[in-house]
Each structure stands twice: as C-alpha cells, then as structure tokens.
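Read the structure below first, then the notes.
Residue numbers (my numbering): 105 to 380.
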C-alpha cells in the first residue's frame with residue numbers, strides 16, 4: 105500500500121468493532137474522498153491500517169456491500185460502488201436525453217448550483233483546497249497552450265469537482281458530481297463541439313481563472329458571479345453549437361439532393377440524346 109492510501113485510513117478505537125470500520129469507510133465515501141470505482145487496499149493491508157482483525161474487517165466490508173456502497177469481485181478486489189451514477193436513474197437519464205429542452209433546464213439548474221458552490225468555496229476553502237484549484241488551473245493552461253482539447257476537457261471537469269469539494273457541503277458535492285457525470289457522458293450536448301467554437305477555449309479558460317481567483321481572494325460575491333457568468337456562456341455556446349450542427353446537417357442534405365438531382369438530369373439528357 106502506498107503512502108497516499110495509508111493516510112486515508114486510521115486505526116479505530118480500542119473496542120475495534122465492525123461498526124466503527126463501517127462508519128469510517130462510509131464517511132470517506134460521503135466526504136468524496138473515496139470515489140466510485142476506487143479500489144480498496146488488500147485485506148491484510150487494510151486490516152493493519154485500521155488496526156482490526158481480518159474477521160472484523162470482513163464483517164464490515166460485507167455490511168458495506170449489503171448497503172450498496174462497495175462491490176466485491178472474486179479474486180479482483182473490493183471497489184467503491186457507482187452510487188453517484190445512481191443519483192439520476194437510467195430511465196430518467198434516457199428520458200431527458202431524448203428531449204432537447206432538458207439541456208436548457210439542466211444548464212439553468214447548474215447555473216444556480218455552480219453559483220452557490222463557488223460562493224461557499226470562497227468562504228470555506230482551505231489552503232489545501234486552494235492549492236489543488238491552482239494546480240488544476242495550471243494543468244488547464246498547459247493543455248490550452250499545447251492545444252490538447254481532451255486534457256483541457258478533463259481539467260474542466262476536475263476543476264468543477266474541486267470547487268465542489270472546496271465548498272465543504274456533501275449534498276452539493278454529490279449532486280454536482282452527478283451533474284458532471286451526465287455532462288461527461290454527453291447526455292445533454294457535445295462538449296467537444298462547444299470547445300471547437302471560435303474563441304470558446306480562450307473564453308472558457310478566462311472564466312475558470314476568474315472563478316479560481318475569486319475563491320483564492322475569499323470573495324463570495326465575485327465567485328458566485330464568475331461561476332454564473334461561466335454557465336451563461338456555456339448556455340449560449342451550447343445553443344450556437346446546436347444551431348451550427350443543424351445548419352451543417354441541412355447543408356449536407358441539400359448537397360446530396362443537388363448531386364442526386366444532377367445525376368437524374370444527366371440520365372434524362374442521355375435518354376433524350378439517344379432518341380435523337
């Protein structure tokens with residue numbers, strides 16, 4: 105087990121019961137420290153870190169599995185379950201993906217959440233939170249300069265996740281993560297298409313920097329305004345991207361029709377010439 109894993113878990117009290125182990129791991133999931141898909145250390149290593157016997161650890165892991173928080177793969181380890189993806193059930197996800205107006209409602213919803221989250225982050229961010237936000241902004245800038253849109257998109261989501269963590273409100277944290285999951289899966293609109301619009305990447309970078317600076321300055325009003333201005337821009341860009349996509353689709357259909365019409369006209373002219 106590496107050093108980062110060792111710091112996640114600490115020895116339980118002298119009573120050393122499975123309930124205390126359950127509570128510690130639950131809190132790590134609740135606080136967003138352990139994320140869906142994260143693999144827990146092996147049984148021996150984890151029992152040593154928690155200072156409990158392996159039978160007690162097994163009881164705790166079994167209880168966490170029964171609560172739907174962990175998944176155990178025989179011979180493959182124990183993982184944090186995908187509880188974030190279940191915030192929006194699959195039937196609801198499928199339903200909203202089929203109706204275009206859900207995109208605007210999603211962004212309207214996110215606008216208010218992002219504003220509140222950034223406002224709280226400006227009030228509550230620790231020095232560690234601020235250092236992480238700065239590191240992500242540096243990654244975003246590097247990806248922008250190197251013209252690596254995939255890395256830039258990844259840093260975008262990570263930045264918003266980090267703002268959510270800096271707000272130190274677990275309900276907001278998990279709600280926002282669920283929102284980003286839908287966005288990453290392309291449920292609402294094509295984020296790559298938005299990034300490809302003229303000057304969009306430059307504008308988005310500036311907006312993330314503005315949110316970052318306001319949080320580091322401890323200015324809640326500026327942080328909220330910057331976060332909401334960012335979503336306002338994304339809303340306009342999503343609309344423009346959708347219109348451009350529709351224009352492109354129609355233009356291709358016209359070209360196909362025109363090429364097909366030319367072929368028919370040529371065939372008709374050939375018949376006329378043959379008759380002559």
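Built from N, CA and C at the ideal position, the CB exists for glycine as well.
query, result
"Would you kindly work out how many angstroms separate the C-alpha atoms of residue 184 and residue 360, rounded to a whole number?", "50 Å"
"Identify the residues that DSSP records as bridge partners of residue 143: which are they?", "183"
"Alpha carbons only, please: which of 114, 216, 296 is nearest the one belonging to residue 254?", "296"
"Suppose you measure from the CA of residue 380 to the CA of residue 353; what does that come to, to the nearest Å?", "Its pLDDT being 39, under 50, residue 380 is placed unreliably in this model, and the coordinates cannot settle the point."
"Residue 315: which of 303, 260, 128 sits nearest, CA to CA?", "260"
"Assign residue 114 to one of two classes, buried (16 or more other C-beta atoms within 10 Å of its C-beta) or exposed (fewer than that).", "exposed"
"Relative to the C-alpha of residue 276, which candidate in 221, 299, 234, 330 has its C-alpha closest?", "221"
"Helix, strand or coil: how does DSSP classify residue 100 here?", "No statement about residue 100 is possible, as the shown extent of the chain runs from 105 to 380 and does not include it."
"Comparing C-alpha positions only, which one of 178, 320, 164 sits nearest to residue 234?", "320"
"Report back the beta-carbon spacing between residue 322 and residue 258 to the nearest angstrom; my notes put them in contact at under 8 Å.", "That belief does not hold up - the Cβ atoms of residue 322 and residue 258 are roughly 28 Å apart, past 8 Å."
"Given this structure, state the Cα-to-Cα distance separating residue 161 from residue 278, to the nearest angstrom.", "27 Å"
"For residue 290, count the other beta carbons within 10 Å of its own beta carbon; 16 or more makes it buried, fewer makes it exposed. Which is it?", "exposed"
"For residue 325, name the three-state secondary structure that DSSP assigns.", "helix"
"Under 8 Å, do residue 335 and residue 214 count as touching if we go by C-beta distance?", "yes"
"Rounding to the nearest angstrom, what Cα-Cα distance links residue 363 and residue 350 in this structure?", "20 Å"
"Does the Cβ of residue 204 have 16 or more other Cβ atoms within 10 Å, making it buried, or fewer, making it exposed?", "exposed"
"Taking the alpha carbon of residue 174 as the reference point, which residue from 201, 144, 308 has its own alpha carbon closest?", "144"
"Taking 8 Å as the threshold (C-beta atoms), are residue 244 and residue 287 in contact?", "no"
"Residue 292 by DSSP, collapsed to three states: which one?", "coil"
"Skipping 5 residues on each side, what residues in its chain have a beta carbon closer than 6 Å to that of residue 381?", "Residue 381 cannot be examined here, being either before or after the span of the chain that is shown, 105 to 380."
"I'd like the span of the alpha helix (DSSP H) that includes residue 417, first residue to last.", "Outside the displayed range of the chain (105 to 380) lies residue 417, so it cannot be described from this structure."
"CB residue 265 to CB residue 281, shorter than 8 Å?", "yes"
"From what residue to what residue does the alpha helix (DSSP H) around residue 312 run?", "304 to 320"
"Rounded to a whole number of angstroms, what is the C-alpha to C-alpha distance between residue 108 and residue 150?", "Because residue 108 sits at a pLDDT of 47, beneath the cut-off of 50, its placement in the model cannot be relied upon, and the following sentence gives the value as read from the coordinates. Going by the C-alpha atoms only, they are around 13 Å apart."
"Does residue 170 pass the burial test, meaning 16 or more other C-beta atoms within 10 Å, or should it be called exposed?", "exposed"
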